[in-house]
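K.L.:
In the working numbering, the protein residues as written are 5 to 737. Virtual Cβ for every residue (Gly too), placed ideally from N, Cα, C. Can you read through this structure? Questions will come right after.
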């Protein structure tokens, strides 16, 4: 389950429509009674069907959840060779073997996140917590599985630190098989034996790495590493590394390391199955398995989770339910011959489609047909057809998002982002600011503005589009780094062309700094945006020399500004939100800062300058660029505004919280002064921002000011509208 955009997009297409059909009922659970495992050999009581579950990972826990729900039909025991549940989701720094000499089972690496959104990958009757990120960290999946185990009280059925040594069938009569299971406590080395009516194998297929046969590999003197043993990128610092394989894990780790070595693929391995089980594995095809799970010769033996490129947890759920219905005879399986014939026909169809034999259990898009087949076999209630389901009017919803309110009394001739009912003035008390030149009705929109520059916070970059700041369930990656994502190719192209090409190589250096964070990146982005505008003007004039290496050539033009004190007092004739001069002239409060504060910001400016030079090369105007960085490190502290989104847990508006997802610079909005008794309020409306109000009272000739308590969304326009001061004083501001 590595981060693969191709898999995500395929899953998202049909999953939402089909998921309701896979729902299962939740019942009560009773604890079965077992003889103490310290006894060398004993026979389980035959009043109910006894089931052994091998492995307490996701598949094993899913099996236990349905077994414990039917105490009158089944008694069961789970054997887990480690000390906790979770299987491959249990991360460890160890590789090769553990303290007991057993192979390390987990293939998790430190920074792994799921390639499926939590809305898709969770068990059908136990969703992830709604506040979790969509693409959760592996530690969150482990916590989820532990909560699943605790909720259904499965722990009392698990024997930890017990390794299954052998499983073999004993034929009591022609149609009756008993499974002899020998286990060993890995701590005490004491063995025990059990007889079971059925076996559910849930040992996964990410534990035994597949090393491809590469001619001449024996002559390689360096270190060879499979992704199963990869944990963290720091160990590869400064090494020349080659990556073999471009599947999910290969792409994921390549983005993490930038340069690294690994080979991908896993082998199916069931070392505990005796030869008498008559199971063969050839070129990753397991035979004979009916519906990719049931042994055709021994139908009481099932393998959970064999198919790959699937939504695994819901598949486990369906496979377990199907198998249990075959055990209690709710489902009658075809004859052995018919099951083998159906399995062989499926394999031949795959070969006819030019699929390699090793893809015998690959489902991908065909997983939906597989799920439907299991559902039909269990006679579950079908979901309505597409024609019976009401379809949302996407066009209408998109239009409502795009219909932004108009400026009151039309746009200002000198300040296009502001209403003509406003004017810019300067006073000794508040400096330069916006003032009303006429009465303005409450609810009137007085500013609509796009930001000059914006950026996402480090935390939001994993599941919010870098360009539009929209939360996205199925993101697409940056081709050059693993720190950011995009909602679609259009946003990615715009971001790469406008700014991300300059920040991609050095982004991690900025994000990992506790002193820089979002503010440092925003200042860096301001300089890049100014430079990109100059490049665009130059390209429109058909000038050359616009390669990535020479793009700093335009920095002098883009950053040239009037540096006189009078510029801060001047009344703009043409105040443009897209002009760098409008951003440069924002107040810095340099005279009010301490020497230590200025020193810290100066060092930060030097660092950001070196980051920029590492991307575009040195330039004779480095003093100019550095001074501009220092200017904005001061001005952004006074003039940059938080971008946030409203988190409403399970629709509970009263307990909703704001979460910061970035910051932005709005030149026109910055003309308004702060007040704890505001007469305007700002809100957002995707994909832009707004300021507006709901009450009626005129502003007269007072200044436009507000308190910065707001809920924002996206790096888009801001709207501002008049608000009644009296209501603001009562707590409505």
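1. What first and last residue would you give for the alpha helix (DSSP H) that runs through residue 585?
2. If you follow the beta strand (DSSP E) that residue 450 is in, where does it begin and where does it stop?
3. Which same chain residues, not among the five before or five after residue 278, have their C-beta less than 7 Å away from its C-beta?
4. Going along the chain, which residues of its own chain have a beta-carbon closer than 6 Å to the beta-carbon of residue 306, five neighbours each way excluded?
5. Look up residue 299 in the DSSP assignment and give the residues it is bridged to.
6. DSSP three-state call for residue 163: helix, strand or coil?
7. Using a threshold of 8 Å, state whether the C-beta atoms of residue 425 and residue 441 are closer than that.
8. Look at the Cβ atom of residue 421, then the Cβ atom of residue 451, and state whether they are nearer than 8 Å.
9. Would the segment 431-446 count as touching the segment 462-473 if we require 3 or more Cβ pairs under 8 Å?
10. Starting from residue 489, follow its DSSP beta bridges and name the residues at the other end.
11. Are the Cβ atoms of residue 431 and residue 525 separated by less than 8 Å?
12. Going straight from the alpha carbon of residue 154 to that of residue 147, what length do you get?
13. Could you check the C-alpha separation between residue 334 and residue 382 for me, to the nearest Å?
14. Could you tell me whether the segment 50-61 touches the segment 189-200, using the rule of 3 or more Cβ pairs below 8 Å?
15. Determine the extent of the beta strand (DSSP E) in which residue 428 is found, giving its start and end residues.
16. Residues bridged to residue 82 by DSSP?
17. Would DSSP call residue 152 helix, strand or coil?
18. Take residue 94 and list the residues in its own chain whose beta-carbon comes closer than 7 Å to its own, dropping the five residues that flank it on each side.
19. When the Cα atoms are used, what is the spatial distance from residue 481 to residue 470?
20. Helix, strand or coil, according to DSSP, for residue 412 in the structure here?
21. Any chance the segment 586-605 sits against the segment 657-676, with 3 or more Cβ pairs inside 8 Å?
22. Figure out for me which residue from 290, 312 and 313 has the closest Cα to the Cα of residue 347.
23. Grouping DSSP H, G and I as helix and E and B as strand, with all else coil, what is residue 199?
24. Is it buried or exposed for residue 285, if we count other Cβ within 10 angstroms and need 16 for buried?
25. Buried or exposed for residue 63, going by 16 or more other Cβ atoms inside 10 Å?
26. Can you find a C-beta in chain C that's less than 8 Å from the C-beta of residue 353?
27. How about the segment 592-608 and the segment 495-511: do they share at least three Cβ pairs that are nearer than 8 Å?
28. Please report the residue range of the alpha helix (DSSP H) in which residue 63 lies.
29. Under three-state DSSP, which class holds residue 670?
30. Within this structure, are the beta carbons of residue 367 and residue 324 separated by less than 8 Å?
31. Let's see if you can read the secondary structure: which residues bound the alpha helix (DSSP H) around residue 619?
32. In whole angstroms, what is the alpha-carbon distance linking residue 657 and residue 651?
33. So for residue 647, helix, strand or coil by DSSP?
34. Pick helix, strand or coil for residue 278, following the three-state DSSP scheme.
35. Using a Cβ-Cβ cut-off of 6 Å (strictly less than) and excluding sequence neighbours within five positions of residue 371, which residues of its own chain qualify?
36. How would you label residue 618, buried or exposed, when you count the other beta carbons within 10 angstroms and need 16 or more for buried?
P.N.:
Answer, in terms of the structure:
1. Reading the chain shown from its first residue, position 581 is the one you call residue 585. That run of the alpha helix (DSSP H) goes 584-588.
2. Taking the chain shown and counting its residues from 1, one reaches residue 450 at position 446. First-last of the beta strand (DSSP E) with residue 450: 449-453.
3. Numbered from its first residue, the chain shown carries residue 278 at position 274. Around residue 278: 170, 171 and 172.
4. Residue numbering aside, residue 306 sits at position 302 when the chain shown is read from its first letter. These residues qualify, in order along the chain: 204, 297, 298 and 327.
5. In the chain shown, the residue the question calls residue 299 occupies position 295. BP columns for residue 299 point to 293.
6. To locate residue 163, count along the chain shown from 1; it is residue 159. Three-state result, residue 163: strand.
7. As a first step, residue 425 is located in the chain shown; it is residue number 421 there, counting from the start. As a first step, residue 441 is located in the chain shown; it is residue number 437 there, counting from the start. Cβ atoms of residue 425 and residue 441: closer than 8 Å.
8. On the chain shown, residue 421 is found 417 positions in, with the first residue counted as 1. On the chain shown, residue 451 is found 447 positions in, with the first residue counted as 1. Residue 451 is positioned such that its CB atom lies closer than 8 Å to that of residue 421.
9. Per the Cβ contact rule, the segment 431-446 is not in contact with the segment 462-473 (fewer than 3 Cβ pairs under 8 Å).
10. As a working note, residue 489 is residue 485 in the chain shown. According to DSSP, which records beta bridges pairwise, residue 489 is partnered with 469 and 481.
11. Position 427 of the chain shown, counted from the first residue, corresponds to residue 431. Position 521 of the chain shown, counted from the first residue, corresponds to residue 525. In this structure, residue 525 does not lie closer than 8 Å to residue 431 by Cβ.
12. Locating residue 154 in the chain shown gives position 150, where the first residue counts as 1. Locating residue 147 in the chain shown gives position 143, where the first residue counts as 1. Rounded to whole angstroms, the separation of the alpha carbons of residue 147 and residue 154 is 10 Å.
13. Along the chain shown, read from residue 1 onward, the residue named residue 334 stands at position 330. Along the chain shown, read from residue 1 onward, the residue named residue 382 stands at position 378. Distance between the alpha carbons of residue 334 and residue 382 is about 8 Å.
14. Under the 8 Å Cβ criterion, the segment 50-61 counts as touching the segment 189-200, having at least three qualifying pairs.
15. Walking along the chain shown from the start, residue 428 turns up at place 424. DSSP places residue 428 inside the beta strand (DSSP E), whose first and last residues are 426-431.
16. Counting from one through the chain shown, the residue named residue 82 turns up at place 78. DSSP, once it has assigned bridges, lists 57 and 162 as partnering residue 82.
17. Looking up residue 152 in the chain shown gives position 148. Reduced to three states, the DSSP call for residue 152 is helix.
18. Numbered from its first residue, the chain shown carries residue 94 at position 90. Around residue 94: 86, 88, 110 and 146.
19. Translated into the one-based positions of the chain shown, residue 481 becomes position 477. Translated into the one-based positions of the chain shown, residue 470 becomes position 466. C-alpha separation (whole angstroms): 10 Å.
20. Taking the first residue of the chain shown as 1, we reach residue 412 at position 408. DSSP places residue 412 in coil when its eight states are reduced to three.
21. With a cut-off of 8 Å, the segment 657-676 and the segment 586-605 count as touching, because enough Cβ pairs lie within range.
22. Locating residue 347 in the chain shown gives position 343, counting from the first residue. Among 290, 312 and 313, the Cα nearest to that of residue 347 is on 290.
23. Walking along the chain shown from the start, residue 199 turns up at place 195. Residue 199: strand per DSSP, three-state reduction.
24. In the chain shown, residue 285 corresponds to position 281, counting from 1. Exposed, since its Cβ has fewer than 16 Cβ neighbours within 10 Å.
25. The sequence position of residue 63 within the chain shown is 59, counting from 1. With 16 or more other Cβ atoms within 10 Å, it is buried.
26. Note that chain C does not occur in the displayed structure, where there is just one protein chain.
27. Judged by pairs of C-beta atoms under 8 Å, the segment 592-608 does not touch the segment 495-511, as fewer than three such pairs exist.
28. Taking the chain shown and counting its residues from 1, the one referred to as residue 63 is at position 59. For residue 63, the uninterrupted alpha helix (DSSP H) segment begins and ends at 62-71.
29. Counted from its first residue, the chain shown places residue 670 at position 666. In this structure, residue 670 counts as coil in the three-state DSSP scheme.
30. Here residue 367 is taken as the residue at index 363 of the chain shown, counted from 1. Here residue 324 is taken as the residue at index 320 of the chain shown, counted from 1. With a cutoff of 8 Å on beta-carbon distance, residue 367 and residue 324 are scored as not near each other.
31. Taking the chain shown and counting its residues from 1, the one referred to as residue 619 is at position 615. Counting along the chain, the alpha helix (DSSP H) containing residue 619 begins and ends at 599-620.
32. The residue labelled residue 657 in the question sits at position 653 within the chain shown. The residue labelled residue 651 in the question sits at position 647 within the chain shown. Counting only the Cα atoms, residue 651 lies some 9 Å from residue 657.
33. Here the question's residue 647 lines up with position 643 in the chain shown. In the three-state DSSP reduction, residue 647 falls in the strand class (E or B).
34. Start at 1 with the first residue of the chain shown, and residue 278 comes out as number 274. It is coil, neither helix nor strand.
35. Residue 371 sits at position 367 when you count from the first residue of the chain shown. Sequence-distant partners of residue 371 (beyond 5 residues in either direction) whose C-beta falls short of 6 Å from its own C-beta, in its chain, are 314.
36. Start at 1 with the first residue of the chain shown, and residue 618 comes out as number 614. Taking all protein chains in view, the Cβ of residue 618 is surrounded by fewer than 16 other Cβ atoms within 10 Å, so the residue is classified as exposed.
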